[in-house]
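Note sheet for the following structure.
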Amino acid sequence: MQRKLLPIETLPAWAELNNVEFDGVKVSSLPAGKGSGVVATAAHSEDGAILMRVPQELVLSLGNVWMYAKSDQHLREVLEATGEYARTARGAILIFLLLQVTSTSLLPVKIGASNPFTGYVQFLPSHIPLPTFWENAEIEMVKGTSLEGALRSKLNSLNREFDHLRDSTRSIKWCQQYWWDQQTGLLSLDDWKQVDAMYRSRALDLPGTGHAVVPCIDMANHASGKGTVARYDTDADGGGVLVLRDGKSVVVGDEVTITYGDDKGACEMLFSYGFIEESMDSAQELFLDLDIPDDDPLKQVKKTVAKSPPGVRLFRTGKSTGWEGPFAWLLCVNEEDGLKFGMLQTTDGGRELNVSWKGQDLVDGLELEVLLKADPLWDVYNLRAITTVQGRVESQLHSLVSAGEQMQVAGEQGPLSPRYLEVAMRLHDLEEELLLQAYEDFEHQKLSLLESAVVQEYLRSAAKGGVEDDFS
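The opening residue of the sequence shown carries number 0 in numbering that gives the first Met the number 0; numbering runs sequentially from there.
Take a look at the structure:
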């Protein structure tokens with residue numbers, strides 16, 4: 000869906016009209032094709048100096064979307080038609096942005112009531128380089144990385160959301176005519192990807208409000224660590240403010256940056272923002288999926304009761320690595336250890352699955368980990384978990400190395416985007432380094448646990464009983 004675009008140089012007029020206040024900063028184009036950003040027009044060095052103030056009614060939050068809907072029949076119809084989806088911040092904001100894109104498109108009629116965002120979306124770029132827009136050959140470049148699964152899952156999710164939007168609104172006359180009709184409808188999955196990208200690359204977790212898009216403040220680019228100049232916050236009236244960080248100063252011409260999250264890993268940065276920061280020397284973290292072995296007699300029931308994602312998060316901590324994932328502990332114990340499943344009758348006469356560890360009811364895997372740590376056989380369970388996670392790390396390494404070799408050949412032979420190829424190879428390298436370090440750390444932990452008196456006694460008893468744990 001083609002939409003009207005405005006040059007960023009005309010943003011000050013929109014800001015003045017909508018009572019956005021700038022104090023010694025402006026939104027401006029950046030040199031060397033870096034897009035736009037917030038740039039200082041005056042020197043600042045006072046801790047907590049407010050550089051930008053955005054009124055509360057301009058903070059695009061779940062509540063404000065529904066406020067706009069009170070005076071916009073078209074918006075209200077779509078929100079109500081999509082049900083619970085529109086009661087989430089993401090759902091409501093995406094639908095709102097889609098209405099603004101529709102309103103500024105080349106349709107022969109006006110859709111939606113004009114509001115400040117009808118103009119603001121025209122300042123947002125038409126091309127957002129997130130992986131959700133990559134071609135299939137480019138998606139193949141991240142094969143073997145943690146982005147591969149996340150991206151395919153995201154694309155499936157976007158398809159489901161788009162199908163839900165179509166199924167929910169095709170009975171609305173104007174939606175059918177201008178969105179879905181084969182001759183006159185203009186809406187496509189790419190348009191849905193576009194508003195998703197607008198939201199994911201711009202949404203802030205605003206204190207007291209939650210996930211929201213804050214116009215003008217969302218033009219600030221990312222810098223981590225000491226490079227972060229400013230922070231975003233909420234003022235007493237619920238509006239958004241851009242504040243100079245303590246100990247920071249800027250002079251005329253300096254770019255005013257915020258952090259999108261210093262703790263975010265390379266995969267998440269590429270997934271949500273389309274880049275990996277140049278200064279990032281580690282993948283920081285990655286998520287590995289886990290599956291319960293087919294020979295586990297409790298496989299299906301474990302999947303049913305698991306409330307956490309089926310995998311583990313690997314992360315860097317100082318000079319070593321760590322991992323977390325409640326799901327992994329379910330993989331490492333069975334009925335002979337003390338894990339029990341049963342059916343309980345609820346107060347309304349129904350029945351629900353109950354899981355317990357040695358007589359103590361469990362709500363989730365986090366509780367199981369706590370109980371296992373207090374168990375005399377903790378070293379055994381810990382060794383099982385580390386062995387399981389290390390095995391998953393090893394298989395991921397094999398996939399990563401193999402895919403990296405194939406990607407190198409494809410890059411030399413195929414018409415792939417040089418920019419995407421470069422960032423994909425960087426993700427490969429950073430994740431391979433983290434996985435190698437994790438594998439070595441797990442090996443040291445395994446060897447240490449194998450020397451444990453508890454483990455030694457357990458292995459002797461298991462051998463006598465003809466049962467053997469594989470800790471290779």
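Positions of the beta carbon are idealized from the N, C-alpha and C atoms, including for glycine.
Query: Assuming alanine 41 is part of the alpha helix (DSSP H), what are its boundary residues?; Result: That residue, alanine 41, is in no alpha helix (DSSP H); it is neither H nor E in DSSP.
Query: Can we say the stretch 174-183 touches the stretch 310-318, given the rule of at least three CB pairs closer than 8 Å?; Result: no
Query: Report the partner residues of arginine 391 according to the DSSP bridge assignment.; Result: Partner(s): none; arginine 391 has no beta bridge.
Query: According to DSSP, which residues form a beta bridge with glutamate 20?; Result: Arg52
Query: Report the partner residues of asparagine 353 according to the DSSP bridge assignment.; Result: Gly341
Query: Indicate whether at least one CB of chain B lies closer than 9 Å to the CB of threonine 131.; Result: The structure shown contains no chain B; it holds only a single protein chain.
Query: Would you kindly report the start and end of the unbroken beta strand (DSSP E) that includes arginine 230?; Result: 229-233
Query: Buried or exposed, going by whether 16 or more other CB atoms sit within 10 Å of the CB of leucine 371?; Result: buried
Query: Considering only residues of the stretch 76-145, which uninterrupted alpha helix (DSSP H) runs meet the minimum length of 4 residues and lie entirely inside it, listed in chain order?; Result: 88-102, 115-119 and 135-138
Query: May I have the straight-line CA-CA distance separating glutamate 368 from lysine 298, to the nearest angstrom?; Result: 19 Å
Query: Excluding the five sequence neighbours on either side, which residues of its own chain have a C-beta within less than 7 Å of the C-beta of glutamine 395, listed in chain order?; Result: Leu287 and Leu434
Query: If I measure Cβ to Cβ from glycine 321 and keep anything under 6 Å in the same chain, skipping five residues before and after, which residues do I get?; Result: Phe314
Query: What whole-angstrom Cβ distance do leucine 329 and alanine 305 have, given they're in contact under 8 Å?; Result: 6 Å
Query: Could you tell me which residues DSSP puts in a beta bridge with glutamine 359?; Result: Trp356
Query: Which residue comes first and which comes last in the alpha helix (DSSP H) that contains leucine 446?; Result: 417-449
Query: In three-state DSSP terms, what is glycine 317?; Result: coil
Query: Taking buried to mean at least 16 other C-beta atoms within 10 Å of its own C-beta, is serine 35 buried or exposed?; Result: buried
Query: Does the stretch 385-405 come within contact of the stretch 135-144, defined as at least 3 CB pairs closer than 8 Å?; Result: yes
Query: Enumerate in chain order the residues of its own chain whose CB-to-CB distance from serine 125 is below 7 Å, with the five nearest sequence positions on each side excluded.; Result: Leu4
Query: Report the option in Gly82, Ala202, Gly337 and Phe122 whose CA atom is closest to the CA atom of threonine 9.; Result: Phe122
Query: In chain order, which continuous runs of the alpha helix (DSSP H) of length 4 or greater are located wholly inside the stretch 160-231?; Result: 188-201
Query: I'd like the span of the alpha helix (DSSP H) that includes glutamate 456, first residue to last.; Result: 452-463
Query: Between which two residues does the alpha helix (DSSP H) holding phenylalanine 270 run?; Result: 265-272
Query: Exposed or buried, which one is glutamate 430 when buried takes at least 16 other CB atoms within 10 Å?; Result: buried
Query: So does methionine 218 have its beta carbon nearer than 8 Å to some heavy atom of the ligand HEM?; Result: The ligand HEM is absent from the structure shown, which contains no ligand whatsoever.
Query: Does the Cβ-Cβ distance between glutamate 351 and leucine 343 come in under 9 Å?; Result: yes
Query: Rounding to the nearest angstrom, what Cα-Cα distance links histidine 427 and isoleucine 171 in this structure?; Result: 46 Å
Query: Can the beta-carbon of aspartate 22 be found less than 9 Å from the beta-carbon of glycine 246?; Result: no
Query: Count the other CB atoms, across all protein chains shown, that sit within 10 Å of the CB of asparagine 114; report buried if there are 16 or more and exposed otherwise.; Result: buried
Query: Which two residues bound the contiguous beta strand (DSSP E) that contains leucine 243?; Result: 239-243
Query: Which value, in whole angstroms, describes the spacing of the CA atoms of isoleucine 110 and arginine 2?; Result: 13 Å
Query: What residue from Asp166, Asn135 and Ser167 has the CA that sits closest to leucine 154's CA?; Result: Asn135
Query: DSSP three-state call for serine 28: helix, strand or coil?; Result: strand
Query: Can you check which of these residues, Glu160, Asn158, Asp262 and Ser271, is closest to leucine 486 by C-alpha distance?; Result: Since the displayed the chain opens at 0 and closes at 471, residue 486 lies outside it and no answer follows.
Query: Give the single residue among Val194, Tyr259 and Gln283 whose Cα lies nearest to the Cα of valine 100.; Result: Val194
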